[in-house]
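K.L.:
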Amino acid sequence: MQQLGIKGSVSDSLLLVGEDFKQYKKYLPNKQIIVIIDNKVNKLYGEYFSDYQIIEIGQTENIKNIDSVSSILEQLLSYKADRSTFVLAVGGGIVCDIAGFVASIYLRGIDFAFISTTLLSQVDASVGGKNGVNFLGFKNMLGVFNQPKFVICDPKMLETLDVEDLNCGFAEIVKHTLVADANMFSYLENNSSKALSLDSQVIEKLVFNSVNIKADIVNRDEKEKGERRKLNLGHTFGHAVEKTLKLAHGNAVSIGLVVAAKLSLNRGLLSEKDYNRIITLLKALDLPVSIDSDKEAIISALDMDKKREGNAIHFVLMEGIGKVRIEEISLDELKAVEL
Ligand SMILES: NC(=O)c1ccc[n+]([C@@H]2O[C@H](COP(=O)([O-])OP(=O)(O)OC[C@H]3O[C@@H](n4cnc5c(N)ncnc54)[C@H](O)[C@@H]3O)[C@@H](O)[C@H]2O)c1
Ligand SMILES: [Zn+2]
79 MQQLGIKGSV SDSLLLVGED FKQYKKYLPN KQIIVIIDNK VNKLYGEYFS
129 DYQIIEIGQT ENIKNIDSVS SILEQLLSYK ADRSTFVLAV GGGIVCDIAG
179 FVASIYLRGI DFAFISTTLL SQVDASVGGK NGVNFLGFKN MLGVFNQPKF
229 VICDPKMLET LDVEDLNCGF AEIVKHTLVA DANMFSYLEN NSSKALSLDS
279 QVIEKLVFNS VNIKADIVNR DEKEKGERRK LNLGHTFGHA VEKTLKLAHG
329 NAVSIGLVVA AKLSLNRGLL SEKDYNRIIT LLKALDLPVS IDSDKEAIIS
379 ALDMDKKREG NAIHFVLMEG IGKVRIEEIS LDELKAVEL
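Residues in the sequence shown are numbered consecutively from 79, following the working numbering.
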């Protein structure tokens, strides 16, 4: 097991990577505990949390909204939760995002922690202190910056994940290596099949390095004023793909990474050799590298994106593997990229 401390502006967080989730009680305070969990995770792991009051929520991005927040707040009230109550979220990014938000606004904020049960939430959602919900169709429109007291990332829990949910996490891991860690990229190239078969040593290393990279950037720029924007690599185009083609987040990010790599290649920032390594790695991890639908609709979906300014878009580009920079890209340059 490896631990990592994260300094937040309001409070600190402790990441426990490789911890057996069944040991969670030793990290809990001696207070009223309320568990927030989705119905699928509850079916799979609920028996381990039966000592506590449970608030069960649904699944999918559609429930990450203010109605769910309102319903959870009502249940907290009915359980007579007070300022000393502790919320434990058990689930993927959706459960953690909603529960972190609810805990942060209930009575102006009560303590909370996560048992992060998807690869995506272990490597991404559980680090960085962003909690929030969608509003009127806008993603993560309402939210707060606030750190969980602790996050448990147990690789064993990933064994019950559907393949598509697993893939989402790998796309974020590739992103982290491209942003900041060329050695980790090589490690992933050499261990992609072990990673796919969830070899726990490989997964623990990948998760720990990934959270380390994200934590390092977040520690320097918690509120996303500069450095943290590098983590948007693959996400500008990726979000538009996700919205337009209704692809899973990780698959959309994979396409977004390919577009960023191609733009970087076209600008002479990335060598052809490194470009090919990126494509090969994404494929080895069963992630998509092309789409067969019209790019126009995706590009027009970008228009709504908050990153767009005038006729240019801020894009995170790659300067080789392990280093990125933010540059302005014109719409014409983007249209010229072949997918
Ligand atoms: N806060 C952040 O910084 C941040 C970062 C990245 C993503 N996110 C958010 O995270 C969300 C996506 O997270 P996600 O991909 O974890 O989705 P998710 O929470 O919907 O989980 C995906 C699916 O896996 C199931 N599941 C969870 N754990 C399981 C397990 N151990 N075994 C079997 N099934 C399991 C869930 O029930 C769900 O059906 C998005 O809403 C995104 O905006 C937040
Ligand atoms: Zn993402």
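No residue lacks a Cβ here, since even glycine has one placed at the ideal position from N, Cα and C.
Is the segment 171-189 touching the segment 237-245, taking contact as three or more C-beta pairs under 8 Å?
P.N.:
Short answer: they don't touch.
K.L.:
Looking at ligand 1, does it come within less than 6 Å of Asp-243, judged from the CB to the closest heavy atom?
P.N.:
Result yes, Cβ under 6 Å from ligand 1.
K.L.:
Grouping DSSP H, G and I as helix and E and B as strand, with all else coil, what is Ile-114?
P.N.:
In this structure, Ile-114 counts as strand in the three-state DSSP scheme.
K.L.:
Report the residue from Ser-288, Asn-354 and Leu-185 whose alpha carbon sits nearest the alpha carbon of Leu-82.
P.N.:
Of Ser-288, Asn-354 and Leu-185, the residue nearest in Cα terms is Ser-288.
K.L.:
Would you mind working out which of Gly-334, Ala-318, Val-205 and Phe-248 sits nearest Val-229, comparing C-alpha positions?
P.N.:
Comparing Cα-Cα distances from Val-229 to each of Gly-334, Ala-318, Val-205 and Phe-248, the minimum goes to Val-205.
K.L.:
Going by alpha carbons, who is nearest to Val-367 out of Leu-348, Ile-404 and Ala-338?
P.N.:
With distances taken between Cα atoms, Val-367 lies closest to Ala-338.
K.L.:
Would you call the segment 186-196 and the segment 156-165 touching, i.e. three or more CB-CB distances under 8 Å?
P.N.:
With the cut-off at 8 Å, the segment 186-196 and the segment 156-165 touch.
K.L.:
The beta strand (DSSP E) with Arg-355 in it runs from where to where?
P.N.:
Here Arg-355 belongs to no beta strand (DSSP E); instead the alpha helix (DSSP H) covers 350-362.
K.L.:
Where Ile-115 and Lys-351 are concerned, what is the direct C-alpha to C-alpha distance, given to the nearest angstrom?
P.N.:
About 44 Å.
K.L.:
Report buried or exposed for Thr-196, applying the criterion of at least 16 other Cβ atoms within 10 angstroms of its Cβ.
P.N.:
Thr-196 should be labelled buried.
K.L.:
Contact defined as beta carbons within less than 8 Å: I believe Gly-346 pairs with Val-331. What is the distance between those atoms, to the nearest angstrom?
P.N.:
Wrong, their Cβ atoms sit about 24 Å apart, outside the cutoff.
K.L.:
Taking DSSP's pairing of strands, which residues face Ser-378 in a bridge?
P.N.:
Answer is none; Ser-378 lacks a bridge partner.
K.L.:
Is the separation between the beta-carbon of Gly-207 and that of Gly-86 shorter than 7 Å?
P.N.:
In this structure, Gly-86 lies closer than 7 Å to Gly-207 by Cβ.
K.L.:
One question on the structure: do Ser-270 and Ala-362 come within less than 7 Å of each other, judged by their Cβ atoms?
P.N.:
Contact flag set, yes.
K.L.:
Have a look at the DSSP bridge pairing and note the partners of Cys-231.
P.N.:
Answer by DSSP bridge pairing, in chain order: Val-95 and Ser-194.
K.L.:
Can you grab the Cα-Cα spacing for the pair Phe-223 / Asn-209, in whole Å?
P.N.:
Cα-Cα distance, rounded: 6 Å.
K.L.:
DSSP on Arg-403, reduced to helix/strand/coil?
P.N.:
If DSSP states are grouped into helix, strand and coil, Arg-403 belongs with the strands.
K.L.:
Counting only runs of 3+ residues fully inside the segment 241-265, write out the beta strand (DSSP E) ranges in chain order.
P.N.:
Counting only runs of 3 or more, we get nothing.
K.L.:
Shorter than 6 Å, the distance from the beta carbon of Ala-203 to the closest heavy atom of ligand 1, or not?
P.N.:
Under cutoff, so the answer is yes.
K.L.:
Beta carbon of Pro-56, beta carbon of Ser-264: below 7 Å?
P.N.:
Look at the range of the chain in this structure, 79 to 417, and you will see that residue 56 is not part of it.
K.L.:
In chain order, what residues of the same chain have a beta carbon less than 6 Å from the beta carbon of Ala-379, not counting five sequence neighbours either side?
P.N.:
Once the five neighbours on either side are set aside, the close Cβ partners of Ala-379 are Ala-318, Lys-321 and Thr-322.
K.L.:
Given the structure, does Val-331 come close to ligand 2, in the sense that its CB is under 6 Å from one of the ligand's heavy atoms?
P.N.:
It does: the Cβ of Val-331 is within 6 Å (strictly closer) of some heavy atom of ligand 2.
K.L.:
Would you mind working out which of Phe-315, Ala-249, Lys-308 and Thr-314 sits nearest Val-285, comparing C-alpha positions?
P.N.:
Per the Cα distances, Ala-249.
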